Amino acid sequence: MKGWLTAIHRLASPPVFYRVAGGLMPWCLALALLGGAIGLGWGLLYAPADYLQGESVRILYVHVPSAWMSLTIWAAMAGAALVALVWRTKVAEVLAVAAAPVGAAFTAITLLTGALWGRPTWGTYWVWDARLTSELVLLFLYLGVIGLHRAIEDPRRAARAASVLILIGLVNLPIIRYSVEWWSTLHQPASVRLTGSSIHPSMLWPLLVMAAATKFYFLWAWLARARVMLLATESHKQWVRELLEGARA
Amino acid sequence: MRPGRAFLAALGRELGIAWRRRGELLQPLLFAALICAMLPLALGPEAARLRPMAGGMAWIAALLAGLLGLEALFRRDAEEGVLDQLLLAAVPLPLLFAAKLLAHWLAFGLPLALLAPLLALWLGLPPAALPTLLAGLLLGTPLLSAIGGVAAALTVGIRGSGILLVLLVAPLYLPVLIFGAGAVEASLSGLPARQPLMFLAAALPAAAVFAPWAGAKALRAVAT
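Listed in order, the protein sequences are those of chains A and B.
If you're matching positions, the first sequence starts at 1 in our numbering and goes up one per residue.
If you're matching positions, the second sequence starts at 250 in our numbering and goes up one per residue.
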């Protein structure tokens, strides 16, 4: 327990984080590429077509993991934002805002693939259904975080203001998660659960592989963006100068 | 100074300033009326078409008009150095922030909440749905003030923050709109409107607790 705490404390130091993140990144990328290749190949080529949805069910191997990521990333940002506001550590501030563009991209992918899937299956690209609307709101929240962060010049102030907004936006997560249960509109409830999933293993497994691959991709992108932002905010510090000199030499 | 007296002093100051600029207080009301006047021009003046939309339209008018006063909420305080004094004051900042929110609601939210039902009647809302609309607005506009106030605190000191503020606030306004307009919709179709109103009534004390705290956090995050 003691060892863990000191390890976390040490990670809050920018140079240590920079080094550790740099060491983790290749593994995350390798796992993401491997998982993505397996999951996409399996889902798009080998998994069976659905007897109701036909071949269009394959869109869901991208749609569902992206939708999970759109929520997971906000939760991850909120965790970092809380740490940033309570302990005021630079690494947490950078982590909180660095994930926003990745989250916005996953949310946009969710909405786009959902529209493409909805056209053949529901007969429409878009309906004003509770889950669709709350996912759209999530996209606007992501854009709001990015916009607020860019509008404030001082990087630390910008990160702290964005952190407050991230924590406020947390309200939207349960609304999206439970929207299909509270309001029974068009979008179907979840069929993948921790216990007793209602989809066949031949479709479940590629989906889970894709879910893992998107998580590792996010980790890679998150760490990469955080490292660059950390370099920018710490550019006047000794460790950055030494790093740059080492890179030049 | 005791916290209670500081709260009242801050509230009195805000209301005094609002009263001295009472011309500005009319602008959101005129804007809301204009939005409602545009609706028949855009959709056609048939009463049968306007009637089912009247309640929702009054909500949208109140919501959009409420955005007008937000940008100015902290601008003058920031320019004149009042904000720095508030941050340094020996009184808890959330308390002063709560006074600010209450004053903003009294000056902007309450007039809109009282005007919007009249606008809805003007568009042909059946009078039977009027109490539901008014109750929803009276419960919902303080929530709008609370959300808007926190967002305004986040954008203090950003030049030309108007559009950004709208982008931040609008997604967070949607739940209020859903329940407020949903209550009118329910009462129009003869269903009980209690449930959506209860949601608003439950959100109000939660906002009263969290908004001053979040707003104070936001001011400190941006200002220090």
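Each residue gets a CB set at the ideal place from its N, CA and C atoms; glycine is no exception.
Quantities reported herein were computed from a predicted structural model and do not represent experimental measurements.
- The alpha-carbon separation between Ala12(A) and Glu93(A) amounts to approximately 10 angstroms.
- Legend: CB atoms of the region 401-427 of chain B lying less than 8 angstroms from CB atoms of chain A belong to residues Leu403, Thr404, Gly406, Ile407, Ser410, Leu413, Leu416, Leu417, Ala419, Pro420, Leu421, Leu423, Pro424.
- Under the three-state reduction of DSSP, Gly54(A) is assigned to strand.
- The beta carbon of Ala442(B) sits closer than 6 angstroms to those of Thr381, Ala432, Ala435, Ser436, all from its chain and outside the five residues before and after it, given in chain order.
- Per DSSP, reduced to three states, the secondary structure at Leu372(B) is coil, with no helix or strand assignment.
- Of all alpha-carbon atoms in Gly315(B), Met306(B), Arg269(B), Phe323(B), the one lying nearest the alpha-carbon of Ala465(B) is that of Phe323(B).
- When the beta-carbon positions are compared, Ala99(A) and Met77(A) come within less than 7 angstroms of each other.
- The alpha helix (DSSP H) runs of length 4 or more contained entirely in the region 271-324 of chain B are, from start to end of the chain, 271-292, 296-299, 303-317.
- CA-to-CA, the gap between Gly147(A) and Leu413(B) works out to about 7 angstroms.
- Look at Arg150(A): its C-beta is not under 7 angstroms from any C-beta on chain B.
- Collapsing the DSSP output to three states places Ser235(A) in coil.
- Straight-line spacing of the CA atoms in Arg298(B) and Ala49(A) works out to 45 angstroms.
- The shortest CA-to-CA distance from Gly411(B) to any of Glu263(B), Leu279(B), Glu320(B) is the one to Glu320(B).
- The three-state secondary structure of Leu170(A), taken from DSSP, is coil.
- For Asp326(B) and Leu332(B), the gap between their C-alpha atoms comes out near 5 angstroms.
- Chain-order list of chain A residues neighbouring Ala467(B): Ala161, Val164, by C-beta distance under 7 angstroms.
- Residues of the region 115-139 of chain A that bring their beta carbon within less than 7 angstroms of a beta carbon in chain B comprise Val137, in sequence order.
- Within the region 106-182 of chain A, the complete alpha helix (DSSP H) segments of 4 residues or longer fall at 130-151, 155-169, 172-182, listed in chain order.
- Secondary structure note for Ser394(B): its alpha helix (DSSP H) is the uninterrupted segment 379-403.
- Between the alpha carbons of Leu313(B) and Ala307(B) lies a distance of about 10 angstroms.
- Excluding residues up to 5 positions away in sequence, Leu141 lie with their Cβ nearer than 6 angstroms to the Cβ of Gly169(A) in the same chain.
- Against chain A, the beta carbon of Val471(B) has neighbours under 8 angstroms at Ile152, Arg157, Arg160, Ala161, listed in chain order.
- In the three-state scheme derived from DSSP, where H, G and I count as helix and E and B as strand, Gly439(B) is classed as coil.
- Distance from Ala311(B) to Thr390(B) at the Cβ level is roughly 7 angstroms; contact confirmed, criterion being Cβ atoms closer than 8 angstroms.
- The continuous alpha helix (DSSP H) containing Val64(A) extends over residues 60-87.
- Residue-level contact check: Leu60(A) does not touch chain B, since none of the beta carbons of chain B fall below 7 angstroms from its beta carbon.
- Contacts with chain B at 7 angstroms (Cβ-Cβ) do not include Leu82(A).
- Counting only the Cα atoms, Thr133(A) lies some 25 angstroms from Met210(A).
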